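Here the structure comes first, spelled out in structure tokens, and everything after it is commentary.
Residue numbers (this note's numbering): 215 to 684.
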């Protein structure tokens with residue numbers, strides 16, 4: 215699918231053009247025609263999930279970045295823009311960074327339209343519960359997009375505090391050039407962005423009634439809120455919302471590792487389902503065309519073989535009996551070819567799903583939050599960690615430390631994009647060895663651990679301030 219580069223704040227004029235429902239909104243007049251009906255509003259909501267599948271959004275480059283900017287992946291790709299990110303030599307004109315910014319603001323802009331228009335729709339058949347549902351889903355998706363932008367373009371709150379610069383915070387529906395003043399929106403602070411994310415998720419929890427694990431649901435909003443609180447060191451709230459999600463009865467800890475491409479598995483809290491004929495997979499005019507599954511799979515499995523296990527990740531697995539190691543890797547270590555993950559096992563057709571949030575994360579969030587707060591909400595930290603370990607065929611631990619939990623998160627969520635932020639928010643370097651870059655340059659607060667504001671955005675918005683050293 216062809217993408218057109220549009221400045222962040224002019225994305226409103228194309229908010230429907232890239233959804234799977236093919237909603238063509240060329241201007242405000244045609245948009246109002248579409249949004250005058252229940253079906254039109256619902257189509258805009260459904261379109262959010264299509265936008266989320268773009269490679270700059272979820273299940274694409276940002277998730278891989280979480281592993282290859284850290285110590286999980288020995289990136290072997292030849293795309294220069296991806297090599298820059300891997301080597302911390304990214305420049306502000308990097309096409310993949312531009313796509314990350316653009317794809318997230320497309321989600322935000324379309325979500326803003328739903329949030330600001332749903333209650334104004336004149337369709338008498340559009341009930342208040344249905345309007346609430348639409349707004350709740352849109353607020354969840356807006357929160358998810360802002361959360362990931364906050365992680366990618368801003369230093370962690372543990373390093374810079376709530377006053378550090380994040381990204382422009384835009385919640386209005388942009389209807390016409392008469393609102394061009396919004397184009398000059400400066401970067402909000404990390405604290406302001408987190409506050410908006412929290413407000414959106416709390417409102418989504420109050421509004422969403424329908425349950426579908428492939429769409430925004432109450433459990434997904436609570437689970438994301440648990441992650442948001444954990445990333446801010448708000449441990450009591452993180453443990454509480456993780457515990458609520460675990461006890462909701464909607465999700466179940468899977469007994470094996472066959473859930474990755476099973477969209478109906480109760481392991482998934484929020485799962486983006488991809489199809490082989492889905493036009494959202496693998497298109498990018500700003501950078502190389504890349505797919506999560508194509509990069510992570512070996513050439514023997516239809517992929518490029520760009521993202522094998524790092525030596526550090528291999529060494530971290532305790533023993534060959536860890537089922538996450540034996541079942542979720544492709545062992546082709548002949549002629550120096552390393553191991554590859556099989557979590558996304560369709561490198562050829564790019565149809566592998568991406569589990570944005572799953573229930574295993576809630577156990578480890580609850581464990582970490584309880585350990586760091588000295589509380590026992592729901593269960594003890596050691597019991598939660600051992601639940602994860604037993605599924606992996608590992609022995610129980612008698613006592614645990616924070617490092618044990620960070621290690622367990624690494625093994626459980628490798629190739630799912632968590633590692634970079636797990637290290638940064640805990641004050642740890644992203645790399646402990648190597649020469650490009652020097653490990654000391656990968657510490658929290660160092661300039662290149664976050665992405666640059668895309669140069670095109672700086673050119674269009676003179677109120678944007680670039681991140682240091684870019």
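Where a beta carbon is used, it is the ideal one built from N, C-alpha and C, also for glycine. These figures come from a predicted structure and were not determined experimentally.
Do residue j and residue i come within 8 Å of each other at the CB atom, strictly closer than that value?
i	j	result
residue 380	residue 634	no
residue 535	residue 600	no
residue 415	residue 438	yes
residue 451	residue 371	no
residue 387	residue 359	no
residue 321	residue 279	no
residue 261	residue 268	no
residue 271	residue 668	no
residue 567	residue 485	yes
residue 440	residue 576	yes
residue 418	residue 353	yes
residue 373	residue 631	no
residue 533	residue 553	no
residue 293	residue 282	no
residue 611	residue 596	yes
residue 454	residue 591	yes
If you draw a straight line from the C-alpha of residue i to the C-alpha of residue j, how long is it?
i	j	result
residue 500	residue 583	Note that residue 500 scores 43 on pLDDT, short of 50, meaning its location in the model is unreliable; the coordinates nonetheless yield the value given after this. Taking the straight line from one Cα to the other gives about 39 Å.
residue 573	residue 525	28 Å
residue 397	residue 428	33 Å
residue 458	residue 341	29 Å
residue 347	residue 361	21 Å
residue 623	residue 405	25 Å
residue 530	residue 523	11 Å
residue 331	residue 248	11 Å
residue 276	residue 365	10 Å
residue 626	residue 444	17 Å
residue 638	residue 644	7 Å
residue 698	residue 367	Because the chain in this structure spans residues 215 to 684, residue 698 falls outside the shown range and cannot be described.
residue 482	residue 306	36 Å
residue 400	residue 384	10 Å
residue 351	residue 251	17 Å
residue 329	residue 349	5 Å
residue 563	residue 422	Note that residue 563 scores a pLDDT of 42, beneath 50, so its modelled location is shaky; the value from the coordinates is reported in the next line. Rounded to whole angstroms, residue 563 to residue 422 spans 33 Å at the Cα level.
residue 593	residue 448	18 Å
residue 589	residue 580	10 Å
residue 557	residue 263	21 Å
residue 478	residue 617	33 Å
residue 681	residue 671	13 Å
residue 258	residue 323	11 Å
residue 255	residue 480	29 Å
residue 420	residue 436	11 Å
residue 375	residue 586	19 Å
residue 689	residue 377	A query on residue 689 cannot be resolved here, the shown segment of the chain reaching from 215 to 684 and no further.
residue 537	residue 326	43 Å
residue 472	residue 619	23 Å
What residue does the alpha helix (DSSP H) around residue i start on, and which one ends it?
i	result
residue 379	Here residue 379 belongs to no alpha helix (DSSP H); instead the beta strand (DSSP E) covers 379 to 382.
residue 403	Unbroken run through residue 403 is the beta strand (DSSP E), 401 to 403; no alpha helix (DSSP H).
residue 365	342 to 367
residue 627	616 to 627
residue 453	449 to 460
residue 679	Residue 679 -> no alpha helix (DSSP H), and no H or E assigned at all.
residue 246	242 to 248
residue 671	669 to 674
residue 533	No alpha helix (DSSP H) contains residue 533, which DSSP labels as neither H nor E.
residue 257	252 to 266
residue 438	432 to 445
residue 597	595 to 605
residue 374	371 to 374
residue 636	633 to 639
With DSSP as the reference, please indicate the residues paired to residue i in a beta bridge.
i	result
residue 482	572
residue 473	Beta-bridge pairing links residue 473 to no other residue.
residue 467	Partner(s): none; residue 467 has no beta bridge.
residue 272	According to DSSP, which records beta bridges pairwise, residue 272 is partnered with nothing at all.
residue 523	287
Taking 8 Å as the CB-CB cut-off, is residue i touching chain C?
i	result
residue 444	No chain C is present in this structure, which holds just one protein chain.
Practice item. Let me know the beta strand (DSSP E) ranges lying completely inside the segment 288 to 331, each 3 residues or longer, listed in chain order. Key: As summarised for the segment 288 to 331, there are no continuous beta strand (DSSP E) elements at least 3 residues long confined to that stretch.
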